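Chemist: I have a structure here, written as structure tokens, and I will follow up with some questions on it.
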Amino acid sequence: MLGVIGQAPNLKREQFLPRALAGHDEAYDVVLVDCPPNLGLLTVNALCAVREALVPIDMEDVDALQGAEEARGHDRSARGDRRRDRDHGAAAGPR
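Numbering-wise (our numbering), the sequence shown opens with residue -17 and increments by one.
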């Protein structure tokens, strides 16, 4: 699927996962989307698809909080006018 996403620059690539999950939200109580620790296309798709986002933070990394804020800002810009009410959270703890 990621190969297909990479080939489609003008097809609202950030909406592939939300479209794939559309209509299935009544079938599941919880869907967990685990993403890499970056703001790549998979993470952007996940942020566009979910109602709640939990961003784990490594307290030993001085840039972790800034990264969580960047993810939150990117979430806002990617969703644009389609925003629903959403809860954001950050989990901090030792490794």
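Glycine is no exception: its CB is placed at the ideal position from the N, C-alpha and C atoms.
This one's a predicted model, so the numbers in the text were calculated from it and none came from an experiment.
Go ahead and label residue 32 buried or exposed: buried means 16 or more other beta carbons lie within 10 angstroms of its beta carbon, across all protein chains shown.
Modeler: As a position in the sequence shown, residue 32 is number 50, starting the count at 1. Per the 10 Å Cβ criterion, buried.
Chemist: Can you tell me which residues form a DSSP beta bridge with residue -4?
Modeler: Counting from one through the sequence shown, the residue named residue -4 turns up at place 14. Beta-bridge pairing links residue -4 to no other residue.
Chemist: Just the Cα atoms here: how many angstroms apart are residue 12 and residue 20?
Modeler: Reading the sequence shown from its first residue, position 30 is the one you call residue 12. Reading the sequence shown from its first residue, position 38 is the one you call residue 20. Roughly 23 Å between the two C-alpha positions.
Chemist: Specify, as a first and last residue, the run of the beta strand (DSSP E) that residue 37 falls within.
Modeler: Locating residue 37 in the sequence shown gives position 55, where the first residue counts as 1. Per DSSP, residue 37 belongs to the beta strand (DSSP E) from 34 to 40.
Chemist: Whole angstroms are fine: how far does the CA of residue 24 sit from the CA of residue 42?
Modeler: Mapped onto the sequence shown, residue 42 falls at position 60. Mapped onto the sequence shown, residue 24 falls at position 42. C-alpha separation (whole angstroms): 25 Å.
Chemist: The alpha helix (DSSP H) that contains residue 21, what's its start and end?
Modeler: The count along the sequence shown starts at 1 and reaches residue 21 at position 39. Run containing residue 21: none; DSSP gives neither H nor E here.
Chemist: Taking just the CA atoms, how far does residue 54 sit from residue 2?
Modeler: Taking the sequence shown and counting its residues from 1, the one referred to as residue 2 is at position 20. Taking the sequence shown and counting its residues from 1, the one referred to as residue 54 is at position 72. One C-alpha to the other measures close to 22 Å.
Chemist: How big is the Cα-Cα spacing for residue 39 and residue 18?
Modeler: Reading the sequence shown from its first residue, position 57 is the one you call residue 39. Reading the sequence shown from its first residue, position 36 is the one you call residue 18. Each residue's alpha carbon lies about 13 Å from the other.
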